Amino acid sequence: MIQRRRTLQALAALSAGPVFTASSAPGPLRMQYFDTYEPMSFRDGTQMRGILIDILEEVLGKRLGLKVEHQGFPWRRAQGNVESGLGDGMCTLVTPERLAYAQASGEAVMFNPSRLFVYAGSPLLKALSGARTLDDVRKINPRVISYLGSSWAKTNLAGFNVDDGPSDFANAVKMLAAGRGDVMIEGLFTMQNAWKSLPNPDSLRVMSHDILTATFYLLLSRKSPHVGVLPAFDKAMREFRKEAGYRQIFERYGVRM
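First residue of the sequence shown: -12, per the working numbering; consecutive thereafter.
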């Protein structure tokens, strides 16, 4: 009878979920960010700041009680860290390439409308002003500026004339402003911020129509011990997006929703 009771107690403990000892408990959740993608994620001295950092600290840190480390790198390296398991997660667009090594949340973290940003001196300016879809842009055949590590461009701009040589987003914007391409297809929030910091902001024109809406999700490495948090994250994220505090994060960085 005593042995049977002990067996039942052991089974009950196992069914309640994993029990971590001090040595086996998961460490901090190490989020990986693009470190020059203001206002979404950027380095401010030794700290990472931005809309994504504030949202994920609120949901993962405050609401789910996880210790979160926010780490910034060049974008290709940040993604590589998640793929290898050196980092636990990132917040970005879902692509087949990323889903091969990471699991995505079901709930969106944020939405960023994407538009065409055209070099003012481009001979294709008038034609691009009439584009409403990616297919319209493809038919015009402009030189599209992107940057290293843009999995979205790799997936969605196949067949386009793409220059992805710039090392990061900020350098890509400078390259377009210098007339070394015709257009960038980028999120309105990030591009507006980069545009303001240019010494020659009149060199770019933003088209008035959204080409698409970029949806950001939390992606956790399939090698991460934290991957099981996604169902709880979905619930907490869904609730937070309905609250005033969610909108206030965007306003803090000069973005009106």
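C-beta atoms are modelled at their ideal positions from N, C-alpha and C, and glycine is treated no differently.
All values derive from a computational prediction rather than experimental measurement.
Asked	Found
Bridge partners - I172, DSSP secondary structure assignment	L103
L111 and I132 closer than 8 Å at C-beta	no
CB contact below 8 Å: S190 versus chain D	Of the protein chains in the structure, only one exists, and it is not chain D.
Exposed unless 16 or more other CB atoms sit within 10 angstroms - verdict on T8	In this predicted model, T8 has a pLDDT of only 38, less than 50, meaning its place in the structure is not dependable; the value taken from the coordinates is given anyway. Exposed, because fewer than 16 other Cβ atoms sit within 10 Å of the Cβ of T8.
Check whether H213 and L16 have beta carbons under 8 Å apart	yes
Whole-Å CB distance - M27 paired with R102, under 8 Å assumed	Not really, about 16 Å apart at Cβ, beyond 8 Å.
Span of the alpha helix (DSSP H) around E140	Looking at the sequence provided, one finds Ala at residue 140 rather than Glu. Taken as a continuous stretch (DSSP letters only), the alpha helix (DSSP H) holding A140 covers 138 to 143.
Closest by C-alpha distance to V96, when choosing among V46, R167, N187	V46
Per-residue burial, H196 [other beta carbons within 10 Å of its own, 16 or more giving buried]	exposed
Buried or exposed (CB count within 10 angstroms, at least 16 for buried), A231	exposed
Opposing strand residues paired with L191 [DSSP bridges]	Y106
Proximity winner among Q90, A107, L86, L205, relative to A164 (alpha-carbon distances)	A107
For L206, the three-state DSSP class (helix, strand or coil)	strand
Environment of I236 [buried if 16+ CB atoms lie within 10 Å]	buried
E173 versus G76: straight-line alpha-carbon distance, rounded	22 Å
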